[in-house]
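Reading through the structure tokens given below for one structure.
2 protein chains.
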Amino acid sequence: MKKLINSVDTVLSESLDGFSAAHSDIVTLGPERKFVRRATLKPGKVALISGGGSGHEPLHAGFVGHGMLDAACPGQVFTSPTPDQMIAAAEAVDIGAGVLFIVKNYEGDVMNFDMAAEMTGSEIAIVVTDDDVAVETSTFSTGRRGVAGTMIVEKIVGAAAEEGRNLQDLKALGDRVNSGTRSMGVALTSCTVPAAGSPTFTLADDEMEMGVGIHGEPGRRRVKLASADAIADEMVAAITGDLNGAGDAILLVNGFGGTPAMELYLMYNAARSRLEKRGIRVSRSLVGNYVTSLEMAGCSLTVSRLDAEIARLWDAPVHTPALRWGM
Amino acid sequence: MKKLINSVDTVLSESLDGFSAAHSDIVTLGPERKFVRRATLKPGKVALISGGGSGHEPLHAGFVGHGMLDAACPGQVFTSPTPDQMIAAAEAVDIGAGVLFIVKNYEGDVMNFDMAAEMTGSEIAIVVTDDDVAVETSTFSTGRRGVAGTMIVEKIVGAAAEEGRNLQDLKALGDRVNSGTRSMGVALTSCTVPAAGSPTFTLADDEMEMGVGIHGEPGRRRVKLASADAIADEMVAAITGDLNGAGDAILLVNGFGGTPAMELYLMYNAARSRLEKRGIRVSRSLVGNYVTSLEMAGCSLTVSRLDAEIARLWDAPVHTPALRWGM
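Okay, here's the thing in structure tokens:
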């Protein structure tokens, strides 16, 4: 295992210390590193809290700040945070308007956020994201997995929360954005969880995992490495086959951590032309490492439907460590 | 070679097409893909043009936009752009106030930018960056190499150009920022140039290249993989030993493309504490993939001295595909 670390046991804590120091203008690290929260809360606003296993950075802590999350709870690598983390986060950032949990659909995460919701004194609503069209159930999920589309839900609901909307409105909006969002990924290499010390899975030099999950879970099938165009053909067909109808959309080409920007932009080019042939107009774009799987090589495509309201909320100012525009 | 590509010959062109489509609000691709330029030029401003071999994305095209570059000329992967590219770029973005070339110190780049300067009708000044303390001369350079510190020069000089300063002032400022900037890198893995098809160099499973260049050129020595703290010790000692005196600084922890954000923040944590023990106060921070070497695993540290003027210019608004704040 080749990693820039000191000890397997302290990877997360040292990384969080660095993160909170580098972005101290935006975030603060909570006691016992249970959560990362905004340095400054906005009076009257519903609090948005997300979280999940670490190793997907910048998701979620990189999206704490104006226009997105109020707090994020980092679990160990690829391991759900524990309920006490979400309870502590809710206590820290709920200023009376309630709390919306945004949770990726994995059994551990859903269970732990549900438990936290029952145990905290805050009024809670939960949006569960499940944008991955690759498989219907998987290693860690009953039903579809929540993957890169989660950051789109966080951005759009985050913008609406800044406008002062109430908890039930935000819950409905989050569910609506999730239901208009589809993703699919491909892995060219595995990743190595520090505590495991060896790759999560193995691929031959000429193989790829089509439909891979963000923890290296199996996808649809393992096949010979194909061209970017052939990969885009399959992913776009899977996404658009499930997301009926034409219209405007966000296209997110998300790197899993080990793929250069050159390749991500090349995939963007391939995906965009294929979407437009199917009547999906790409009017907003995001290309980069946003929802990663440590150093895995590969990428996912996410398409998220836009209407006038969602487009306005997407364009609204955001000021977080990993996403910043308009302010 | 495992890459998301269609053909080795079209990697760059397809990637540039994707890049310019994804960021059409900010940039436009020039004829024959010779350069990427701002979609909208600012009257009266000195034009800033950079460029170099591709494979270091987001450097340089990702830094075209308000507050940084006016144009960037992308060469083939790890290959200097040709003079006709810089000439075409200068013709496109020089609106009468002259052009500043910002060039990383590699023989091919310096020669081609010099030739372009002689052949174009524009008034030209040149800043050559050479921030890498690892080695004094290298495979492609006479004198120190220009590496991640280049993006700091581009940001600070870019902000000054927006203020309407003249060409000679900007040249002097660029030289001053470069002279206060030092970097050093480490590689845990090699990278593969698409046209070559095999790794640029090889490292054993327990080895790293200390002082590596951004094209995979040799550094100071090949040694056994060490802890993040031990790596930070050596890099910070090399940087501060060459950059005398205490004071405020920017700390950039730059990923080479294949290293997860978790590890970069962990390195930031290690580097920051070591710098502060040596009297360097880290008052501005940047952590991420900014000057990459395709999918190489590893990172570089860059320390750049701040005075009140440089801090103000660093903080000034910037709106480019890869760096955005304050607007």
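Line order of the protein sequences matches chains A and B.
Take the first sequence: its position 219, counting from 1, is numbered 241 in the numbering used here, and each next residue is one higher.
Take the second sequence: its position 217, counting from 1, is numbered 239 in the numbering used here, and each next residue is one higher.
Here a beta-carbon is modelled for each residue, glycine too, at the ideal position from N, C-alpha and C.
Considering only DSSP beta bridges, list what residue i is partnered with.
i      : result
H88/A  : H341/A
L308/A : L274/A
K246/B : E229/B
S46/B  : DSSP output for S46/B lists no bridge partner at all.
S201/B : The partner list for S201/B (beta bridge, DSSP) is empty, contrary to what the question assumes.
C95/A  : G73/A
C321/B : V208/B and G277/B
L51/B  : V58/B
T214/B : P221/B
W8/A   : Limits of chain A in this structure are 23 at one end and 349 at the other, which puts residue 8/A out of reach.
Let me see if you follow: with CB-CB separation under 9 Å, is residue i close to chain A or not?
i      : result
H363/B : Residue 363/B is absent from the structure shown; chain B starts at 23 and stops at 349.
N276/B : no
C95/B  : no
L5/B   : The displayed coordinates of chain B run from 23 to 349. Any statement about residue 5/B would go beyond what the structure contains.
D255/B : no
E79/B  : yes
V86/B  : no
N134/B : no
V99/B  : yes
N311/B : yes
Would residue i pass as an interface residue toward chain B - the criterion being a Cβ-Cβ separation below 9 Å?
i      : result
R327/A : no
P353/A : In the structure as shown, chain A begins at 23 and stops at 349. Residue 353/A is therefore absent and cannot be evaluated.
L265/A : no
E113/A : no
D207/A : Reading off the sequence shown, one finds Gly at residue 207/A, where the question assumed Asp. Cβ-Cβ to chain B under 9 Å: no for G207/A.
V121/A : no
D227/A : yes
L210/A : yes
M90/A  : no
V49/A  : no
M230/A : yes
N291/A : yes
List the residues of chain A that residue i touches, going by C-beta distances under 7 Å, in chain order.
i      : result
D251/B : N28
K25/B  : E285
G279/B : P282
L247/B : K24
Taking C-beta pairs closer than 7 Å, name the residues in chain B that residue i reaches, listed in chain order.
i      : result
Y287/A : S37, G40, F41 and A44
W347/A : R346
S76/A  : M284
E317/A : G280, T281, P282 and A319
Kindly list, in the order they appear in chain B, the residues whose Cβ is closer than 8 Å to that of residue i.
i      : result
T314/A : P282 and A283
Y128/A : Within 8 Å Cβ-Cβ: nothing; Y128/A doesn't reach chain B, min ~19 Å.
S307/A : A43, A44 and H45
Could you tell me if residue i is buried or exposed, where buried requires 16 or more neighbouring beta carbons within 10 angstroms of its beta carbon?
i      : result
N188/B : exposed
N134/A : buried
E79/B  : buried
T200/A : It should be noted that the sequence gives Asn, not Thr, for residue 200/A. So N200/A counts as buried.
R166/A : buried
A170/B : buried
P339/B : exposed
D7/B   : In the structure as shown, chain B starts at 23 and stops at 349, and residue 7/B therefore has no counterpart that could be examined.
M60/A  : The sequence shown places Arg at residue 60/A, not Met. It is buried - the Cβ of R60/A has at least 16 other Cβ atoms within 10 Å.
A182/B : buried
K56/B  : buried
T324/A : buried
Q190/B : exposed
T342/B : buried
Against residue i, what residues of chain A qualify as contacts under a CB-to-CB distance less than 8 Å, listed in chain order?
i      : result
R334/B : Near R334/B there are no residues of chain A at all, since even the closest Cβ is about 16 Å away, more than 8 Å.
A218/B : Near A218/B there are no residues of chain A at all, since even the closest Cβ is about 15 Å away, more than 8 Å.
Quick one: which chain A residues come within Cβ less than 9 Å of residue i?
i     : result
R21/B : Only positions 23 to 349 of chain B appear in this structure, which leaves residue 21/B out of reach.
Just to make sure I have the definition right: I need the residues of chain B whose C-beta is within less than 9 Å of the C-beta of residue i. Which are they?
i      : result
N188/A : Those within 9 Å of N188/A in chain B number zero; the least Cβ separation is about 31 Å.
Inset, instruction - For the region 219 to 229 of chain A and the region 30 to 37 of chain B, state whether three or more C-beta atom pairs, one from each stretch, are separated by less than 8 Å. - result: no
Inset, instruction - Specify whether the region 251 to 258 of chain B and the region 65 to 83 of chain B touch according to this definition: at least 3 beta carbon pairs, one from each stretch, less than 8 Å apart. - result: no
Inset, instruction - Examine the Cβ distances between the region 230 to 242 of chain A and the region 156 to 172 of chain A and report whether three or more of them are shorter than 8 Å. - result: yes
Inset, instruction - Kindly confirm or deny that the region 49 to 68 of chain B and the region 92 to 100 of chain B touch, where touching means at least three C-beta pairs closer than 8 Å. - result: yes
Legend entry - Inter-stretch contact (C-beta, 8 Å, three-pair minimum) for the region 97 to 116 of chain B and the region 38 to 45 of chain B: no
Legend entry - contact_flag[the region 311 to 319 of chain A, the region 291 to 302 of chain A] where n(CB pairs < 8 Å) is 3 or more: no
Legend entry - the region 137 to 145 of chain A / the region 102 to 115 of chain A touching (three or more Cβ pairs under 8 Å): yes
Inset, instruction - May I ask you to verify whether the region 297 to 315 of chain A touches the region 294 to 309 of chain B, counting CB pairs closer than 8 Å and requiring at least 3? - result: no
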